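Below you'll find the structure, written out as structure tokens, and then a few comments.
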Amino acid sequence: MSADRWYKNAVIYSLSLDSFLDSNGDGIGDFAGLLDRIDYLQGLGVTAIWLMPFHPSPRRDHGYDVSDYYGVDPRYGTLGDFVEFTQACRQRGIRVLMDLVLNHTSTEHPWFQAALADRNCKYRDFFIWADKRPEDADEGLIFPGVQETTWTWNRHAQAYYFHRFYDFQPDLNLANPQVQAEMLKIVGFWLELGISGFRVDAVPFLIAADGINVKDPEPAFEFLRHLREFAQWRKGDAVFLAEANIPPEDCVRYFGETGDRLQMMFNFPVNQTLFYALASGDTAPLREKLQASRDLPPIAQWAHFLRNHDELDIARLPDEQRKAVFSTFGPDEEMQLYDRGIRRRLAPMLGGSRAKLELAYSLMLTMPGTPVIRYGDEIGMGEDLSLPEREAARTPMQWSAEVNAGFTPCDEPVRPVIDHGPYGYRKVNVAMQRADDGSFLRWIERMLRMRKELTEIGHGEFTILDTKSHILAMQYTYEGRTSLFTHNLSDRKVEFAVKLDDKSESVRPLVCLQTNRSIPASDDGSHDLVLEPLGYRWFRLGGLEDMIVNGGPAADTPVRVVQ
Ligand code: GLC
Ligand code: CA
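In terms of numbering that gives the first Met the number 0, the sequence shown opens at residue 0 and continues consecutively.
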């Protein structure tokens with residue numbers, strides 16, 4: 000049965016259509032373009048694509064301001080193109096997840112328009128209103144510096160409406176059963192068209208909407224169970240991946256004590272402490288957040304990422320740690336955003352250092368859960384800080400050294416292509432890296448291939464082994480297989496010993512998966528290891544080709560010759 004939990008050993012790739020590939024020369028990426036590059040993604044090792052919002056929308060927040068939940072923005076294609084795309088993915092065994100933005104609509108959504116026009120129509124109660132400006136209207140801003148209030152006056156409605164995010168994104172009123180019914184209908188519709196699940200936007204805010212009582216609402220966790228139950232009646236293997244940037248101890252309520260709510264959550268605490276570890280070499284906070292991320296119901300799964308389409312949000316780090324991350328990865332004011340984050344891509348944050356990029360990816364790929372990669376990071380793309388807010392890290396995909404990086408022949412791409420400096424498309428592009436076996440793209444391909452063979456990471460149990468403070472050594476065990484992942488966060492070579500927690504009876508050598516070398520155990524059963532500065536090594540007992548018979552190696556399995 001565990002094999003049916005497909006999301007536990009998936010590799011998710013997130014992309015927004017508008018910046019991936021333009022097929023018709025209007026400067027905007029589209030479904031036909033994406034369709035043309037599915038084989039590229041399959042070759043990379045991707046098993047699921049997370050599509051960012053593609054609905055009709057004024058696009059004032061990158062499509063997270065939806066004006067029709069049942070449609071496809073004509074700039075990207077038609078509903079027909081969407082189904083062609085899901086079908087093409089299915090043929091290749093690739094799953095599709097899509098963004099589900101239910102916390103708010105666009106002010107242009109017909110529900111909101113109807114609510115403005117008529118105080119007595121049924122859509123009025125789809126949103127949250129106040130006759131007087133609530134006293135806390137200046138609190139709880141999500142985009143400080145850009146957004147000024149959470150309540151905005153509308154003269155047609157003759158009332159204030161509530162918006163957790165920008166003023167053009169009125170919050171839906173989850174307390175209204177008709178709103179809940181509409182939400183389920185949207186979920187059912189897209190499942191019918193061939194997708195495998197949703198990345199659920201802004202979940203803490205979605206379930207915080209408690210009618211007019213926005214100040215101290217009781218989270219509507221029951222709704223998460225409804226959502227899950229409904230989706231699984233319609234499509235048994237459908238999953239929800241929640242965006243909720245909350246402390247780890249609160250997360251279990253999103254999964255549900257018995258695992259009856261959402262199956263997956265992004266692990267923001269691990270993400271923030273991982274960047275702190277990269278900035279400082281200190282792995283203690285990361286270990287602590289990893290420990291806090293265990294003991295989940297069996298169905299639950301973390302999703303891990305390095306960068307996403309938003310700012311790198313480090314608000315939850317203690318002051319000293321946050322300062323360290325800012326000063327190492329985003330020292331200039333123009334690199335920072337909303338008093339809490341860094342609006343850069345991964346490669347420039349790491350100073351373009353290949354060793355650091357490999358270390359960061361190796362860490363992320365071996366965190367307990369499912370990896371999520373952001374388009375362009377597989378070739379080490381950069382950012383454009385002249386663009387506003389989060390747009391800086393949303394520039395077009397760099398396919399080749401042709402005009403506009405091979406993204407579009409149009410003179411006016413949806414956002415400017417990065418065309419100068421060390422991350423310009425003539426230096427960083429897919430075509431060049433494909434042709435170079437030593438490239439970062441080739442490295443990622445090899446790592447993803449290996450990562451998928453190591454099913455114990457996504458499915459198994461982990462233990463953090465006792466070692467030196469700059470070293471992170473994690474062991475995973477699942478169905479008789481045991482692996483060990485070691486990382487050196489310091490810039491010095493480190494020698495250390497680890498003792499695996501291994502209960503299997505047969506003696507299998509510890510095989511390094513990068514070098515195919517076997518490491519013998521010392522007399523006390525521990526292994527002596529050496530890691531280069533910023534080095535990492537992946538190991539499995541018996542190697543990747545270890546034979547598993549009835550959950551463990553057969554007695555007469557020949558043991559690999561130690562080199
Ligand atoms: C989420 C999205 C972000 C968007 C916001 C409002 O945080 O990740 O991009 O702006 O929700 O929908
Ligand atoms: Ca186009």
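Ideal placement from N, C-alpha and C gives every residue a C-beta, glycine not left out.
Here the structure is a predicted model, which is why all the values come from computation and not from measurement.
Counting along the chain, where does the alpha helix (DSSP H) carrying residue 86 start and finish? 78 to 90
Taking its Cβ as the centre, do 16 or more other Cβ atoms sit within 10 Å of residue 537, making it buried, or is it exposed? buried
Of all the alpha helix (DSSP H) runs that stay within the bounds of the region 448 to 496, which reach a length of 4 or more residues? 454 to 458
Per DSSP, what are the beta-bridge partners of residue 527 in this structure? 496
Exposed unless 16 or more other CB atoms sit within 10 angstroms - verdict on residue 120: exposed
Taking 8 Å as the cut-off, is the C-beta of residue 576 nearer than that to any heavy atom in ligand 2? Nothing in the structure corresponds to residue 576, since the chain is present only between 0 and 562.
Cβ contact (3+ pairs, closer than 8 Å) linking the region 336 to 345 and the region 134 to 147: yes
Report yes if the C-beta of residue 164 is less than 8 Å from at least one heavy atom of ligand 1; otherwise report no. yes
DSSP three-state call for residue 170: helix, strand or coil? strand
Per-residue DSSP class, three states only, for residue 159: strand
Just to confirm, is the Cβ distance from residue 311 to residue 348 under 9 Å? yes
Where residue 98 sits in the DSSP three-state scheme: strand
Go ahead and label residue 168 buried or exposed: buried means 16 or more other beta carbons lie within 10 angstroms of its beta carbon, across all protein chains shown. buried
Alpha carbon of residue 58 to alpha carbon of residue 64, nearest angstrom: 6 Å
For residue 564, is the classification buried or exposed, using 16 other Cβ atoms within 10 angstroms of its Cβ as the cut-off for buried? Here the chain has residues from 0 to 562 only, and residue 564 is not among them.
Using DSSP bridges, identify the partner residues of residue 509. 518 and 540
Using the rule of at least 16 other Cβ atoms within 10 Å of the residue's Cβ for burial, across every protein chain shown, is residue 78 buried or exposed? exposed
Considering only heavy atoms of ligand 1, does any lie closer than 8 Å to the CB of residue 100? yes
Taking only heavy atoms of ligand 2 into account, decide whether any of them is closer than 8 Å to the Cβ of residue 326. no
Have a look at residue 95 and residue 405 and give me their C-alpha separation to the nearest angstrom. 25 Å
Going straight from the alpha carbon of residue 390 to that of residue 544, what length do you get? 44 Å
Nearest-angstrom Cα separation, counted from residue 122 out to residue 177: 9 Å
Taking the alpha-carbon positions, what's the residue 99 to residue 50 distance? 10 Å
Pick helix, strand or coil for residue 18, following the three-state DSSP scheme. helix
Residue 129 in three-state terms, based on DSSP: strand
Supposed contact pair residue 27 and residue 40 - C-beta distance, whole angstroms, cut 8 Å: The pair is not a contact, with the Cβ atoms about 20 Å apart (cut-off 8 Å).
What are the partner residues of residue 567, as DSSP defines its beta bridges? The structure shown has nothing for residue 567, since the chain only spans 0 to 562.
Since residue 353 is in the alpha helix (DSSP H), which residue starts that stretch and which ends it? 353 to 364
Going by alpha carbons, who is nearest to residue 290 out of 324, 320 and 266? 266
Taking the CB atoms as reference points, tell me whether residue 499 and residue 453 lie closer together than 9 Å. no
Residue 112 - DSSP class collapsed to helix/strand/coil: helix
Any heavy atom of ligand 1 closer than 8 Å to the CB of residue 168? yes
Per DSSP, what are the beta-bridge partners of residue 103 in this structure? 170
Taking 8 Å as the line, does the beta carbon of residue 365 fall inside it for any heavy atom of ligand 2? no
Helix, strand or coil, according to DSSP, for residue 57 in the structure here? coil
Inspect the CB distances between the region 299 to 315 and the region 355 to 367 and report whether three or more fall short of 8 Å. yes
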